[in-house]
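Using the UniProt record's numbering, the first residue of the sequence shown is number 1, and each one after it goes up by one. Note that beta-carbon positions come from the ideal geometry of N, C-alpha and C, so glycine has one too.
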Amino acid sequence: MQDRVDKLQSLSIDRSGEEQRGGGVPVVAVLVLALVAAGLGLAAGWLLSPEAPQGEVRTDAPADASGTTAPPVAAASAPRSRGLVASGYVVARRQATVSAEITGRIRDVLIEEGARVEAGEVLARLDDDRARLDLELLETQARAAHLRVDALQAQLAEARTVSDRARRLQERGFGPVAAATAAQAQVDSLSAQLSASQADAAAADVRVANQRDLVERHVVRAPFAGVVIAKNAQVGEILSPVSAGGGFTRTGVATLVDMGSLELEIDVNEGQIQRIRPGQPVEAVLDAYPDWDVPAVVEAIIPTADRSRATIQVRVRFLELDPRLLPDMAARVTFIENGE
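Below, the structure written as structure tokens:
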């Protein structure tokens, strides 16, 4: 038995020298202390970490007195309920292809695409040389008619003087009755001629005014203020408002859009139309600007349905117009049903 004890003691390691060299602190103890300190630091950092960000739900909810875990509570309020989503396009309530009222050859085109014009501004001019020549002829004829009126007025005044003198002489017995009668007849004849000449002069004035209006119709003007989105004709082409008769015949000079009348036309399935009402708030998102929410409101519901597509058209008015809004832009809208 003693031999076994001696053998076990011989296998043990004598650390008395290491303790004297290391100051009495074992290396293993130092490592253990370092690991314990690191663990305490991690635990303290986790306990002192900030709360969960707003909008996340805490799953580590404390238990109540009965031992039942409380339900999770969201840090932020629930989002606003959304409504029906549909698609449509930006359109203009006022858009026109501007043309002349007569047929003629285009002499000048004074606009380009993207130009802003005011109401009454000249967009183009047609060749009006022949119309102006006719106007000069009619003005000359009108002046001649007025000169004839002036001449007849002078003759009538003289005839009335002669007639008065002949009447007085006849009344005093110094002149024949025939002379007084002839003088009065001359007065009546000149009066009739003067009335006819005055009518001719008035007709000549009307013809002049009509020709001046025809000359003015050779000028194409903007019917309202807007932006030119298309230039449809060039100098030298024939402009006809009736129909295009050839490759060089145009029915319009330019397409004009009133940017102040832009709105959205939305096609809504007829089975969902009961969810839409006039004045309902709308949020529109253009495909060109997906991060831009455009506020709008339902303007009107068109009281007819498209039989082939089973849709009803809804007009949506923008609350604020923006230069980024352009005709024919595609958009998706959300009809807010219970928004604040």
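Leaving out five residues before and five after residue i in sequence, what residues of the same chain have Cβ atoms less than 8 Å from its Cβ?
| i | result |
| --- | --- |
| S195 | none |
| R105 | L126, D127, G236, E237, I238, L239 |
| A300 | P278, V314, R315 |
| E112 | V228, K231 |
Near residue i, which residues of its chain fall below 6 Å by C-beta distance, leaving aside the five closest residues on each side in sequence?
| i | result |
| --- | --- |
| A180 | A166, R167, Q170 |
| E337 | G83 |
| A159 | Q186, V187, L190 |
| Q95 | V257 |
| G24 | Note that G24 has pLDDT 49, beneath the 50 cutoff, so the model's placement of it is unreliable and no number is given. |
What residue does the beta strand (DSSP E) around residue i start on, and which one ends it?
| i | result |
| --- | --- |
| V125 | The residue asked about is misnamed: residue 125 is Arg in this sequence, not Val. First-last of the beta strand (DSSP E) with R125: 122–126. |
| I164 | The sequence as given places Asp at residue 164; Ile does not occur at that position. Where D164 is concerned, there is no enclosing beta strand (DSSP E), although the alpha helix (DSSP H) it sits in stretches over 129–172. |
| A96 | 95–98 |
| E265 | 262–269 |
| F318 | 311–318 |
| V91 | 84–92 |
| T304 | 289–306 |
| R107 | 104–109 |
| A284 | 281–286 |
| L256 | 254–257 |
| A230 | 226–231 |
| R275 | Here R275 belongs to no beta strand (DSSP E), and DSSP marks it neither H nor E. |
| V235 | Looking at the DSSP string, V235 is not in any beta strand (DSSP E), and its letter there is neither H nor E. |
At what residues does the alpha helix (DSSP H) containing residue i begin and finish?
| i | result |
| --- | --- |
| Q186 | 177–216 |
| L326 | Element bounds for L326: n/a, residue is neither H nor E. |
Roughly how many whole angstroms lie between the Cα atoms of residue i and residue j?
| i | j | result |
| --- | --- | --- |
| S99 | M329 | 26 Å |
| residue 346 | D213 | Residue numbering for the chain in the displayed model covers 1 to 340; residue 346 lies beyond these limits and cannot be assessed. |
| R116 | T97 | 15 Å |
| Q141 | A204 | 7 Å |
| R132 | A209 | 12 Å |
| I266 | G114 | 26 Å |
| Q211 | A145 | 17 Å |
| P327 | D134 | 44 Å |
| A305 | E263 | 20 Å |
| V85 | R307 | 21 Å |
| P176 | V215 | 59 Å |
| L138 | R317 | 52 Å |
| R130 | R143 | 20 Å |
| S261 | D108 | 29 Å |
| I302 | Q274 | 13 Å |
| A157 | H218 | 45 Å |
Given residue i, which residues of its chain have a CB within under 7 Å of its CB, disregarding the five upstream and five downstream residues?
| i | result |
| --- | --- |
| R148 | S197 |
Can you round the beta-carbon distance between residue i and residue j to whole angstroms, since I take them to be within the 8 Å contact cut?
| i | j | result |
| --- | --- | --- |
| G83 | T334 | 6 Å |
| A331 | V90 | 6 Å |
| V268 | T311 | 6 Å |
| S163 | Q193 | Contact doesn't hold; Cβ gap of about 15 Å is too wide. |
| A288 | E118 | The Cβ separation is near 28 Å, so there is no contact. |
Using 8 Å as the limit for Cβ to Cβ distance, is residue i near chain B?
| i | result |
| --- | --- |
| E113 | Among the chains of the structure shown, chain B does not appear; only one protein chain is present. |
Inter-stretch contact at 8 Å, needing at least 3 Cβ pairs: the region 222–233 / the region 183–192: With a cut-off of 8 Å on Cβ pairs, the region 222–233 is not in contact with the region 183–192, counting fewer than three such pairs.
Stretch-stretch touch, CB-based, cutoff 8 Å, three pairs: the region 249–260 with the region 282–300: With contact defined as three or more Cβ pairs closer than 8 Å, the region 249–260 and the region 282–300 are not in contact.
Segment contact flag, the region 120–132 with the region 316–326, C-beta cutoff 8 Å, min 3 pairs: With the cut-off at 8 Å, the region 120–132 and the region 316–326 do not touch.
Three or more C-beta pairs below 8 Å linking the region 107–124 and the region 146–163: Of all C-beta pairs linking the region 107–124 to the region 146–163, fewer than three are shorter than 8 Å, placing the two stretches out of contact.
The region 101–120 in contact with the region 200–207 per 3-pair CB rule at 8 Å: By the Cβ criterion, the region 101–120 is not in contact with the region 200–207, since fewer than three pairs of Cβ atoms, one from each stretch, lie closer than 8 Å.
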